[in-house]
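Student: Following this message is one structure expressed as structure tokens.
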Amino acid sequence: MKKKILIISSIVAILAISAAVWFVMKSNQQVLVFNTKPAEDGHIEVIITATGEIQPVTQVEVGTQVSGVIEKLHVDFNSVVTKGQLLAEIDKSTLIEQNKQARASVSDAEGNLTFAQQNYDRVKILFDKKASTQTTIEEAVNKLISAKNQYTTAKSNLQKSEVNLSYAVIYSPISGVILNRAVDEGQTVAASFNTPTLFTIANDLTKMQVEANVDEADIGQVKVGQTVTFTVDAFPDDLFRGTVQSLRLQPTVISNVVTYTVIIEAPNPDQKLFPGMTASTSIIVQQAEGIVIPAEVFNFNPDGDLLRQIEQQEVSISMLTEKPGAKQSVIWIKNGSEMRQQIVTKGLSDRTSIHIENGLKKGDTVVLSVNKVKAAKTAEVANPFMPTPPKVKTR
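1295 is the number of the first residue of the sequence shown in this note's numbering; add one for each residue after it.
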């Protein structure tokens, strides 16, 4: 009897150990999951980002060359003006008085010149008849020359006063829109040392430009004619387009950071873009069309152990016998139960995707990675020596 109990106990122990081993093995069983993606037609762009400021293509500051009080303003902010249109008038009373004085000076100088000429003619006749001395004729010549110089100066001052009088009336030099008015009626402007600005006029707000600051590390890739996209904070959902027009060679250095100004043409038919707006630009320096795959494909390089595990999962492996060329790379393609190596020629890359110039066609499934995962969760593994729990149907 004791022997029988001992045999039964041994059998139970063996079954318990077997169940535990099976449980652990079943819990740790792993399968391989292939992370793949089909090759597709796509578009690759390499861009340079830069921040810039929107400005009118032509912007003119209108000033005054004479001092005085602003008597009348004929335009205001945002006024549309044409070339030659009257903008403002400066009080002319002082300038008119200066003009009168200049005319009087010309009249006096003209009288003095006439008298000096007559005196010279009279002394010349007497000198020719030996009735006058050399000193007398020389004095007459000097007075005549002095009178001529005074007359020339007086005429020059008159012309200058007339020009200053004309400067008291300010006209628009171009057609456009008044962006800024810097003075008010009754305000005194002084043009003694520099020309004060009265108005700022933009030529055509339907044609704007972006002055983008490009880092010195990127400026070598920027070329005239490249396509640019940009956004502004006022219209974050709108994407505006432009073209690189020119590159300025003068650098800008701020806190030891060197940038160069790139001028970008920006059509503005809807006039959504205002002068002074900040633009976040993307300059497209390179682009390509064709077959595109993820860049991480080229990071997948399975070792021998992983290849053996793949074969154990009933996937056949095809290895290359030839070596890739200088500009070629090897990737893995999976077609059903077959995984094979493929030589491709890489093209342009934007760091996340790569354009394939040769070696792939649309629809080829490329392998990005192979991951090991557990076949089932521990809680879901059944003990073969225990009854199967009833299934609960859900509705």
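Beta carbons are placed, not taken as given, at the ideal position from N, Cα and C, and that holds for glycine.
Short check: CB of VAL1477 to CB of VAL1471, under 8 angstroms?
Tutor: In this structure, VAL1471 does not lie closer than 8 angstroms to VAL1477 by Cβ.
Student: Quick check: LEU1492 and VAL1356, are their CB atoms within less than 8 angstroms of each other?
Tutor: Yes, they are a contact pair.
Student: Could you give the distance in angstroms between the alpha-carbon of ASN1413 and the alpha-carbon of ALA1434?
Tutor: Approximately 7 angstroms between the Cα atoms of the pair.
Student: Pick out whichever of GLY1653, ASP1498, PHE1534, PRO1588 has its Cα sitting closest to the Cα of SER1373.
Tutor: Of GLY1653, ASP1498, PHE1534, PRO1588, the residue nearest in Cα terms is ASP1498.
Student: Give me the residue from VAL1551, THR1646, GLN1379, GLU1334 with the minimum Cα distance to ALA1511.
Tutor: Of the candidates VAL1551, THR1646, GLN1379, GLU1334, the one whose C-alpha sits nearest the C-alpha of ALA1511 is VAL1551.
Student: List the residues that DSSP assigns as beta-bridge partners of THR1388.
Tutor: DSSP, once it has assigned bridges, lists no residue as partnering THR1388.
Student: Mapping DSSP to helix, strand and coil, what is LEU1601?
Tutor: Correct three-state label for LEU1601: helix.
Student: Where do the ends of the beta strand (DSSP E) carrying ILE1468 lie?
Tutor: Premise fails: ILE1468 is in no beta strand (DSSP E) and is neither H nor E.
Student: When the distance is taken between beta carbons, is LEU1533 closer than 8 angstroms to ILE1591?
Tutor: According to the sequence shown, residue 1591 is Val rather than Ile. Contact flag unset, no.
Student: From this set, THR1639, LYS1655, VAL1417, which residue's C-alpha is nearest GLN1622's C-alpha?
Tutor: For the residues THR1639, LYS1655, VAL1417, the minimum Cα distance to GLN1622 belongs to THR1639.
Student: Taking the DSSP output, what are the residues bridged to ALA1554?
Tutor: At residue 1554 the sequence reads Tyr, which differs from the Ala that was named. Paired residue(s): VAL1508, PRO1545.
Student: What is the rounded straight-line gap between the Cα of VAL1354 and the Cα of VAL1538?
Tutor: Rounded to the nearest angstrom, the two C-alpha atoms are 23 angstroms apart.
Student: Return yes when the Cβ of SER1540 is within less than 8 angstroms of the Cβ of VAL1522, no when it is not.
Tutor: No, the pair does not count as a contact, with Cβ atoms beyond the cut-off.
Student: Taking the alpha-carbon positions, what's the LEU1326 to SER1610 distance?
Tutor: Answer to the nearest angstrom: the Cα atoms are 14 angstroms apart.
Student: Tell me which residue opens and which closes the alpha helix (DSSP H) that SER1460 is part of.
Tutor: That run of the alpha helix (DSSP H) goes 1428 to 1461.
Student: Can you list, in chain order, the residues of its chain whose CB lies under 7 angstroms from that of LYS1666, leaving out five sequence neighbours each side?
Tutor: Excluding positions up to five away in sequence, the list reads GLN1324, LEU1326.
Student: What are the residues that DSSP puts in a beta bridge with ILE1585?
Tutor: BP columns for ILE1585 point to ASP1335, ILE1650.
Student: Going by Cα to Cα distance, which pick from ASP1402, ILE1364, GLY1641 is closest to ALA1589?
Tutor: Of the candidates ASP1402, ILE1364, GLY1641, the one whose C-alpha sits nearest the C-alpha of ALA1589 is GLY1641.
Student: Below 8 angstroms between beta carbons: does that hold for VAL1586 and VAL1556?
Tutor: Contact: no.
Student: Let me make sure I understand the geometry here. Which of PRO1332, ALA1333, SER1361 has the alpha-carbon closest to that of TYR1461?
Tutor: When only C-alpha atoms are compared, the closest one is SER1361.
Student: What first and last residue would you give for the beta strand (DSSP E) that runs through THR1525?
Tutor: Segment 1521 to 1526, the beta strand (DSSP E) holding THR1525.
Student: What does the alpha-carbon distance come out to for the pair GLN1520 and VAL1363?
Tutor: For GLN1520 and VAL1363, the distance between alpha carbons rounds to 50 angstroms.
Student: Run the CB neighbour count on THR1358, radius 10 Å, all protein chains shown included, and call it buried at 16 or more, exposed below.
Tutor: The residue in question, THR1358, is buried, as its Cβ has 16 or more Cβ neighbours within 10 Å.
Student: From LEU1452 to GLY1378, what does the alpha carbon distance come to, in whole angstroms?
Tutor: Spanning the two alpha carbons is a distance of roughly 25 angstroms.
Student: Could you check which residue in ALA1410, ILE1513, LYS1424 has the C-alpha nearest to that of ASN1443?
Tutor: Checking every option, the nearest Cα to that of ASN1443 belongs to ALA1410.
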